[in-house]
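Enquirer:
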Amino acid sequence: MFSLNEGPNDENSGITKDNKALYSYAEKSSINTGLALPTIPVSIQQVSQNTLDEFGSEIAFMATPHAQAVMMNFFVGLLNARYILEIGTFTGLSAIYLAHALKRNGVVPGPDDLGFMPLTCLDMSEVFTSHARNNIDIAGLSDYVDIIVGDARHEILNLKGRKFDFIYIDADKNSYKKYYDSILELGLLSKNGLIVVDNTALWKAVEFIDQPIDDAETAVFEKIPSEDLTRKQLGRVAHDFNEYIRSDPRTEVVMFPLFTGVTFIRVL
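Residue numbers (this note's numbering): 1266 to 1533.
What follows is the structure, given as structure tokens:
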């Protein structure tokens, strides 16, 4: 049987030797055997292995952990989502899970009357998105997905007027606040929709507990490419984002202490 803990999952994804048994038990208990469409997309093991082979574990860990993707798909089903926005696609693993969930919801593939696909993905890497397109095609889900290559901080502005039932953010951590504000200011989340943000307790974030937002430091970090920030700096960025959203009267948030922190956000 395929294990959700196989592939690019390690301590960087919050799965360690101390909790792997728990995750393994949870994953087995989350694979529903009686569904018309399976819990796990059939090609997902190949996607994980291809990502690991192509980029190595130092890069492959950026993929969403499988057990987390299954959890998100449960919420996609619960919401009966018809349209999803993903910010940060990497090699397409999470996009495949999300498109698969839309298929399970009975969403018709292909563009709607306005030309919009059910799943819109934003990512700035030509290299990663090339692999993502190939992996999504192998999964037989290309008719559900539109990948837009470019700086998501700017591309998201072109989505004004659209509504998404589920939005997943897993991109450059120092732009999370920008994405969050853009989603709210543009009204991109549908009524009763859900935003899921990954890596909100990343690495050193817990060291900053009870510390106020450092606006000056955050402003500096926002101008530095995310890959050039140290783990402690990324932790500071994550903490300041968490403080910002939990004090925002526009939304209600809850962070799950899973993986490297998963935050759920709803608009009030």
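Note that CB positions come from ideal geometry on N, CA and C, so glycine has one too.
Just so you know, these numbers come straight off a predicted model, no measurement behind them.
#1: Determine contact between the segment 1496-1515 and the segment 1452-1459, defined as no fewer than three beta-carbon pairs at a distance below 8 Å.
#2: Taking residue 1427 as part of the beta strand (DSSP E), name the residues at either end of that continuous run.
#3: Excluding sequence positions up to five away, which residues of its chain have a Cβ less than 6 Å from the Cβ of residue 1411?
#4: Please return the same chain residues whose Cβ sits closer than 6 Å to the Cβ of residue 1295, not counting the five positions on each side in sequence.
#5: Return the bridge partner residues of residue 1493 from the DSSP annotation.
#6: Going by other Cβ atoms of all chains shown within 10 Å of its Cβ, with 16 needed for buried, is residue 1266 buried or exposed?
#7: From residue 1366 to residue 1300, what distance separates their C-alpha atoms?
#8: Does the distance from the CB of residue 1463 to the CB of residue 1354 come in under 8 Å?
#9: Taking all protein chains shown into account, do 16 or more other C-beta atoms lie within 10 angstroms of the C-beta of residue 1533, making it buried, or fewer, making it exposed?
#10: With a threshold of 16 other CB atoms inside 10 Å of the CB of residue 1459, please say whether the residue is buried or exposed.
#11: In the DSSP assignment, what residue or residues form a beta bridge with residue 1523?
#12: Quick one: Cα of residue 1364 to Cα of residue 1518, how far?
#13: Considering only residues of the segment 1316-1403, which uninterrupted beta strand (DSSP E) runs meet the minimum length of 3 residues and lie entirely inside it, listed in chain order?
#14: Give me the Cβ distance between residue 1467 and residue 1499, rounded to the nearest whole Å; I'm assuming they're in contact under 8 Å.
#15: Can you name, in chain order, every residue of its own chain whose Cβ lies under 8 Å from the Cβ of residue 1422, other than the five neighbours on each side?
#16: For the segment 1437-1468, which segments carrying the beta strand (DSSP E) assignment without a break, of at least 3 residues, lie completely within its bounds, in sequence order?
#17: Determine the burial state of residue 1345: buried for a count of at least 16 other Cβ atoms within 10 Å of its Cβ, exposed for fewer.
#18: In the DSSP assignment, find the unbroken beta strand (DSSP E) run with residue 1411 in it and report its ends.
#19: Is it right to say residue 1476 is buried, meaning 16 or more other beta carbons lie within 10 angstroms of its own, or is it exposed?
#20: How about the segment 1486-1502 and the segment 1435-1442: do they share at least three Cβ pairs that are nearer than 8 Å?
#21: Express the C-alpha separation of residue 1502 and residue 1478 in angstroms, rounding to a whole number.
#22: Compute the beta-carbon to beta-carbon distance between residue 1481 and residue 1444, rounded to the nearest angstrom, for a pair I have assumed lies under 8 Å.
#23: Taking the alpha carbon of residue 1373 as the point to measure from, which residue in 1362, 1430 and 1347 has its own alpha carbon closest?
#24: Quick one: what does DSSP say residue 1281 is sitting in, helix, strand or coil?
#25: By DSSP, does residue 1515 sit in helix, in strand, or in coil?
#26: Taking the beta carbon of residue 1286 as the centre, do at least 16 other beta carbons fall within 10 Å, making it buried, or is it exposed?
#27: Quick check on residue 1312: does DSSP put it in helix, strand or coil?
Expert: According to the structure shown:
#1: At 8 Å Cβ cutoff, the stretches do not touch.
#2: Along the sequence shown, read from residue 1 onward, the residue named residue 1427 stands at position 162. First-last for residue 1427: undefined, no H or E at that position.
#3: As a first step, residue 1411 must be located in the sequence shown, where it is residue number 146. Non-local beta-carbon contacts of residue 1411 in its own chain, meaning distances under 6 Å to residues more than five positions away in sequence, involve 1382 and 1385 in chain order.
#4: Here residue 1295 corresponds to residue number 30 of the sequence shown, with the count starting at 1. Excluding sequence neighbours, residue 1295 sits near 1335.
#5: Looking up residue 1493 in the sequence shown gives position 228. Looking at the DSSP assignment, residue 1493 forms no beta bridge with any residue, so it has no partner.
#6: In the sequence shown, the residue the question calls residue 1266 occupies position 1. With a pLDDT of only 32 at residue 1266, under the threshold of 50, the placement of this residue in the model should not be trusted; the figure read from the coordinates follows. By the 16-neighbour rule on beta-carbons within 10 angstroms, residue 1266 is exposed.
#7: Taking the sequence shown and counting its residues from 1, the one referred to as residue 1366 is at position 101. Taking the sequence shown and counting its residues from 1, the one referred to as residue 1300 is at position 35. A straight line joining the alpha-carbon of residue 1366 with that of residue 1300 spans about 12 Å.
#8: For the purposes of this step, residue 1463 is taken as residue 198 along the sequence shown, with counting starting at 1. For the purposes of this step, residue 1354 is taken as residue 89 along the sequence shown, with counting starting at 1. For the pair residue 1463 and residue 1354, the CB atoms are not nearer than the 8 Å cut-off.
#9: To locate residue 1533, count along the sequence shown from 1; it is residue 268. Under this definition residue 1533 is an exposed residue.
#10: Taking the sequence shown and counting its residues from 1, the one referred to as residue 1459 is at position 194. Counting Cβ neighbours within 10 Å, residue 1459 comes out buried, since at least 16 surround it.
#11: What you label residue 1523 is simply residue 258 of the sequence shown in a count that begins at 1. Paired residues: none, contrary to the question.
#12: One-based indexing of the sequence shown puts residue 1364 at position 99. One-based indexing of the sequence shown puts residue 1518 at position 253. The alpha-carbon atoms of residue 1364 and residue 1518 are separated by roughly 25 Å.
#13: The qualifying runs are 1349-1352 and 1384-1388.
#14: Here the question's residue 1467 lines up with position 202 in the sequence shown. Here the question's residue 1499 lines up with position 234 in the sequence shown. Between residue 1499 and residue 1467 the Cβ distance is about 6 Å, and since that is below 8 Å, they are a contact.
#15: The count along the sequence shown starts at 1 and reaches residue 1422 at position 157. Hits under 8 Å: 1447 and 1451.
#16: Within the segment 1437-1468, the complete beta strand (DSSP E) runs of at least 3 residues are 1454-1463.
#17: Sequence index remark: in the sequence shown, residue 1345 carries index 80 (1-based). When all chains shown are included, residue 1345 counts as exposed.
#18: Numbered from its first residue, the sequence shown carries residue 1411 at position 146. Where residue 1411 is concerned, the enclosing beta strand (DSSP E) stretches over 1410-1414.
#19: Reading the sequence shown from its first residue, position 211 is the one you call residue 1476. With fewer than 16 Cβ atoms within 10 Å of its Cβ, residue 1476 is classed as exposed.
#20: These segments touch.
#21: In the sequence shown, residue 1478 corresponds to position 213, counting from 1. In the sequence shown, residue 1502 corresponds to position 237, counting from 1. For residue 1478 and residue 1502, the distance between alpha carbons rounds to 9 Å.
#22: Counted from its first residue, the sequence shown places residue 1481 at position 216. Counted from its first residue, the sequence shown places residue 1444 at position 179. In this structure residue 1481 does not touch residue 1444 by the C-beta definition: roughly 21 Å separates them, more than the 8 Å allowed.
#23: As a first step, residue 1373 must be located in the sequence shown, where it is residue number 108. The residue with the shortest Cα to Cα distance from residue 1373 is 1347.
#24: By one-based count along the sequence shown, residue 1281 stands at place 16. DSSP, read as helix, strand or coil, puts residue 1281 in coil.
#25: One-based indexing of the sequence shown puts residue 1515 at position 250. Reduced to three states, the DSSP call for residue 1515 is coil.
#26: Locating residue 1286 in the sequence shown gives position 21, where the first residue counts as 1. Residue 1286 should be labelled exposed.
#27: As a working note, residue 1312 is residue 47 in the sequence shown. It is helical.
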